[in-house]
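Worksheet: the structure to be examined is printed underneath.
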Amino acid sequence: MGSSTTQASSPSEKTGPVPTPVDDKSANHKVKAAELPSNVLILGETANGKSTLIRQLGVYAGNKNPDVEIGHGQWIFIRNWVECIIDWSAYYLEDTYSGQPLKKTSYSELVDFTDEDAIVVANKPDEHGKVFKLELIDTPGLDDSDGNDMEIMAEIISKVSELSHLNAVIYVRSMNKPFGTSFMRFYEYIQRCMPMISNGLIVVHTGYTVDRVERALSEKIDLAKQRRESFQKATKGKMSLAHFFMDNDPDDSNPFAVSESLNGCYKLLKLLSTQLRLDTSNLKLLKAPNMVNVDAHMLLALQRLQSRLQKRLDDGIAAADKSKSAILRTRREIARLQAQQGECRERLDELDRDTEVVLGTKTVAEDYGMKELLWEGMLWLDKRDVSFDSDCSITKVQKSTGSGCKWLDEDRRGTTWRATLKSGIFRSMEGSATFYTTMQRKHHGEIQTMKARLSHGKETIAFHEASLQGLGPLDDKDAETEELAGHLDRCTATIERIKKDTFEAALWPLLRQFYVSHRKPSNSDIADFVEVYDPKTSELLVGP
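When we follow UniProt numbering, the leftmost residue of the sequence shown carries the number 1, and every step to the right adds one.
In structure tokens form, the structure reads like this:
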């Protein structure tokens, strides 16, 4: 496991292209580390910059050479962490000769500066004295040639379910890669498996180099805006996610490239520091087509067992006398209703919880310098009105801002939120707001339905139990028939559970061997597979 424990650089220290870590004296804050780190999962395709993103965040935190492992292979799950004092600072260029901030100049001139012309300097910090510990979780690339994407995602989410919590998920995608069906397939998977955070997915566009931006500007193109619009078109406008544009591997001899990269880290870390802890105990895995094919073999064996049990039960009930037959049928109905009650309670336990769920994120990212270069003479307003509407009540709003920006006139009422983001005159405008609700509020309607169903089921069971009062006991043969009914109910419940298109992430380590196998399962394999879901049903499969 690669890790780097570093502290943020001193804002008053002038440095070369990469700022140096703060010394012990300047770090003499009265701070106390948070008990739990902010867990951030980083996903993306191979060679799109996941590990280099982690490395550059370490550089921003003050470590020039952070010890970050690069993920290779199929099942690697690397946890790199960075602990730093939150003296969040944006960066600017200072003239090496005059010692003054560089005056406004053209983008192309900035790109051409060398470390002899300018140095990178940290601005006045935004905050003091807090400790922010990040645990950045790197993962295998989703298009690794030696692995299946769905299997890789299953492995990743299974590991995430072992975490105490998760704060954010970053999806890294190179500027060279368009958004299309592969991303939508990935996003739909995240929605099904991690619904509590899918609406808060953070997209980091890598390869956003100053040279690339300069070429776009020469053609009067706002590259970031174009990329966002491309994303919206590819996803049919279904989602509004937070986007960050970064160069994770800037040229160290180019101070402008370094400052832009560090400022990208600054913006991203500011947002990450505000994200709440989300529960990971109920994550599900979506079954891939090959998993469904494996299930088909298991279900066929179980359905054959079900048919045999059903026939034996029908014969047993038919052989009983009329009064005993009525008792058996009533008890059978009670068992069926109790099974339904169990499923209902299980679903209610998932939903009726006071845990956070992300509703969405609104971001404002408007670069004053870019606008001025693209459209000379345009009127630049120093504030933007931002709104967010939800289909359920908003319980919390976590906000972050760029340097010199602040949120004003915030108004949260039920399902709506309004605020104004203000920047200094002729300053870039940057801010994000992430919206949360609780599982209870998001699923209020379904929770009420489940509770009503439980109440009605309880009354129905009580009615049937009352009808059995005063009736004679069953003899041994009838008791055997009743036991047979229990076996049938157990088998049926196992079938219904395996039929679902998702399963508990915690089961993946036990089921993986069956789902990654490319051979037809044997009778022993089938029994072992079913044992994961229900050992007693497995015994029936191998029994006489």
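Glycine residues also receive a C-beta, built at the ideal position from the N, C-alpha and C atoms.
Exercise for the section: Please classify M429: does DSSP put it in a helix, a strand, or coil? Expected result: Along the sequence shown, read from residue 1 onward, the residue named residue 429 stands at position 429. Strand at M429.
Practice task
Indicate whether L93 and F256 have their beta-carbon atoms separated by less than 8 Å.
Solution key: Here residue 93 refers to the residue found at position 93 of the sequence shown. Here residue 256 refers to the residue found at position 256 of the sequence shown. Yes; because the gap between Cβ atoms is below 8 Å, this pair is in contact.
Handout entry: Rounded separation between K500 and H243 - CA only
Key = For the purposes of this step, residue 500 is taken as residue 500 along the sequence shown, with counting starting at 1. For the purposes of this step, residue 243 is taken as residue 243 along the sequence shown, with counting starting at 1. Rounded to the nearest angstrom, the two C-alpha atoms are 34 Å apart.
Problem - Residues bridged to T438 [DSSP beta-bridge criterion] - result: As a position in the sequence shown, residue 438 is number 438, starting the count at 1. According to DSSP, which records beta bridges pairwise, T438 is partnered with E356.
Exercise for the section: State the DSSP-derived secondary structure class of K287, mapped to helix, strand or coil. Expected result: Taking the sequence shown and counting its residues from 1, the one referred to as residue 287 is at position 287. Reduced to three states, the DSSP call for K287 is coil.
Practice task
Use the C-beta contact count for residue 593: other C-beta atoms within 10 angstroms, 16 or more gives buried, fewer gives exposed.
Solution key: The question about residue 593 has no answer here: the residues shown for the chain are numbered 1 through 544.
Handout entry: Delimiting residues of the alpha helix (DSSP H) encompassing N263
Key = In the sequence shown, residue 263 corresponds to position 263, counting from 1. Per DSSP, N263 belongs to the alpha helix (DSSP H) from 255 to 272.
Problem - Reduced DSSP category for H205 - H, G, I as helix; E, B as strand; rest coil - result: To locate residue 205, count along the sequence shown from 1; it is residue 205. DSSP places H205 in strand when its eight states are reduced to three.
Practice task
State yes or no: is the C-beta of A47 within less than 8 Å of the C-beta of G141?
Solution key: Against the sequence shown, residue 47 aligns to sequence position 47. Against the sequence shown, residue 141 aligns to sequence position 141. Their beta carbons are under 8 Å apart, which means A47 touches G141 by this criterion.
Practice task
Run the CB neighbour count on A224, radius 10 Å, all protein chains shown included, and call it buried at 16 or more, exposed below.
Solution key: Here residue 224 refers to the residue found at position 224 of the sequence shown. Burial call: buried.
Practice task
Indicate the three-state DSSP secondary structure (helix, strand or coil) for S400 in the structure shown.
Solution key: As a working mapping, residue 400 is identified with position 400 in the sequence shown. In the displayed model, S400 falls within a strand according to three-state DSSP.
Exercise for the section: Give a yes or no on whether the C-beta atoms belonging to S387 and R418 are separated by under 8 Å. Expected result: Residue numbering aside, residue 387 sits at position 387 when the sequence shown is read from its first letter. Residue numbering aside, residue 418 sits at position 418 when the sequence shown is read from its first letter. Closer than 8 Å, so yes.
Handout entry: At least 3 beta-carbon pairs within less than 8 Å: the segment 307 to 326 vs the segment 485 to 493
Key = Under the three-pair Cβ rule at 8 Å, the segment 307 to 326 counts as touching the segment 485 to 493.
Exercise for the section: May I ask you to report which of helix, strand or coil DSSP gives D144? Expected result: One-based indexing of the sequence shown puts residue 144 at position 144. Only weak support exists for where D144 lies, its pLDDT of 48 falling under 50; the value from the coordinates is given anyway. Coil.
Practice task
Return the chain-ordered list of same chain residues with a C-beta closer than 8 Å to the C-beta of residue 555, the five sequence neighbours on each side being excluded.
Solution key: No information on residue 555 is available, as it lies outside the stretch 1 to 544 that the chain covers here.
Handout entry: Beta carbon of R384 nearer than 8 Å to that of L421
Key = The sequence position of residue 384 within the sequence shown is 384, counting from 1. The sequence position of residue 421 within the sequence shown is 421, counting from 1. Closer than 8 Å, so yes.
Handout entry: Inter-stretch contact at 8 Å, needing at least 3 Cβ pairs: the segment 391 to 399 / the segment 410 to 417
Key = Touching, yes, given that three or more Cβ pairs across the two stretches are closer than 8 Å.
Problem - DSSP three-state assignment for Y91, whether helix, strand or coil - result: Your numbering for residue 91 matches position 91 in the sequence shown. Residue state, collapsed to three classes: strand.
Handout entry: Option nearest R353 by Cα separation, candidates Q440, C405, G316
Key = Taking the sequence shown and counting its residues from 1, the one referred to as residue 353 is at position 353. Of Q440, C405, G316, the residue nearest in Cα terms is Q440.
Practice task
Enumerate in chain order the residues of its own chain whose CB-to-CB distance from Y189 is below 7 Å, with the five nearest sequence positions on each side excluded.
Solution key: By 1-based counting over the sequence shown, the position of residue 189 is 189. Same-chain partners within the cutoff: M153, L286.
Problem - Buried/exposed call for F463, threshold 16 Cβ in 10 Å - result: For the purposes of this step, residue 463 is taken as the residue at position 463 of the sequence shown. Taking all protein chains shown into account, F463 has fewer than 16 neighbouring C-beta atoms within 10 Å of its C-beta and is therefore exposed.
Practice task
Mark residue 625 as exposed unless 16 or more other C-beta atoms lie within 10 angstroms of its C-beta, in which case mark it buried.
Solution key: Residue 625 lies beyond the stretch modelled for the chain, which goes from 1 to 544, so this question has no answer here.
Exercise for the section: Could you check which residue in T52, E162, Q100 has the C-alpha nearest to that of A506? Expected result: Numbered from 1 along the sequence shown, position 506 holds the residue referred to as residue 506. Ranking the options by Cα distance to A506, first place goes to E162.
Handout entry: Stretch-stretch touch, CB-based, cutoff 8 Å, three pairs: the segment 247 to 266 with the segment 117 to 128
Key = With a cut-off of 8 Å, the segment 117 to 128 and the segment 247 to 266 count as touching, because enough Cβ pairs lie within range.
Handout entry: Between the CA atoms of R173 and M246 - distance to the nearest angstrom
Key = One-based indexing of the sequence shown puts residue 246 at position 246. One-based indexing of the sequence shown puts residue 173 at position 173. So the alpha carbons of these two residues sit roughly 10 Å apart.
Practice task
Report the rounded CA-to-CA distance for T502 versus Y91, giving the unit in angstroms.
Solution key: Position 502 of the sequence shown holds residue 502. Position 91 of the sequence shown holds residue 91. Taking the straight line from one Cα to the other gives about 46 Å.
Handout entry: Coil, strand or helix - T420 by DSSP
Key = Start at 1 with the first residue of the sequence shown, and residue 420 comes out as number 420. Reduced to three states, the DSSP call for T420 is strand.
Exercise for the section: To the nearest angstrom, report how far apart R227 and V210 are at their CA atoms. Expected result: Numbered from its first residue, the sequence shown carries residue 227 at position 227. Numbered from its first residue, the sequence shown carries residue 210 at position 210. The alpha-carbon atoms of R227 and V210 are separated by roughly 15 Å.
Problem - Backbone CA spacing between V542 and E333 [nearest angstrom] - result: Taking the first residue of the sequence shown as position 1, residue 542 is located at position 542. Taking the first residue of the sequence shown as position 1, residue 333 is located at position 333. The alpha-carbon atoms of V542 and E333 are separated by roughly 27 Å.
Exercise for the section: With a cut-off of 8 Å on the beta carbons, I'd call L136 and I221 a contact; round off their distance for me. Expected result: As a working mapping, residue 136 is identified with position 136 in the sequence shown. As a working mapping, residue 221 is identified with position 221 in the sequence shown. At roughly 32 Å, the Cβ-Cβ gap does not stay under 8 Å, so L136 and I221 are not in contact.
Handout entry: D385 in three-state terms, based on DSSP
Key = Sequence index remark: in the sequence shown, residue 385 carries index 385 (1-based). Here D385 sits in strand by DSSP.
Problem - Exposure label - T481; buried when at least 16 CB within 10 Å - result: Here the question's residue 481 lines up with position 481 in the sequence shown. T481 should be labelled buried.
Practice task
Report buried or exposed for R55, applying the criterion of at least 16 other Cβ atoms within 10 angstroms of its Cβ.
Solution key: Here residue 55 corresponds to residue number 55 of the sequence shown, with the count starting at 1. Answer is buried; the Cβ neighbour count reaches 16.
Handout entry: Assigned exposure category for N263 - 16 Cβ within 10 Å defines buried
Key = Sequence index remark: in the sequence shown, residue 263 carries index 263 (1-based). It counts as buried.
Practice task
Tell me where the alpha helix (DSSP H) around T502 begins and ends.
Solution key: For the purposes of this step, residue 502 is taken as the residue at position 502 of the sequence shown. Element bounds for T502: not the alpha helix (DSSP H) but the beta strand (DSSP E), 502 to 504.
Exercise for the section: Could you name the residues that DSSP lists as bridge partners for N199? Expected result: Mapped onto the sequence shown, residue 199 falls at position 199. Answer by DSSP bridge pairing: none, since N199 is not bridged.
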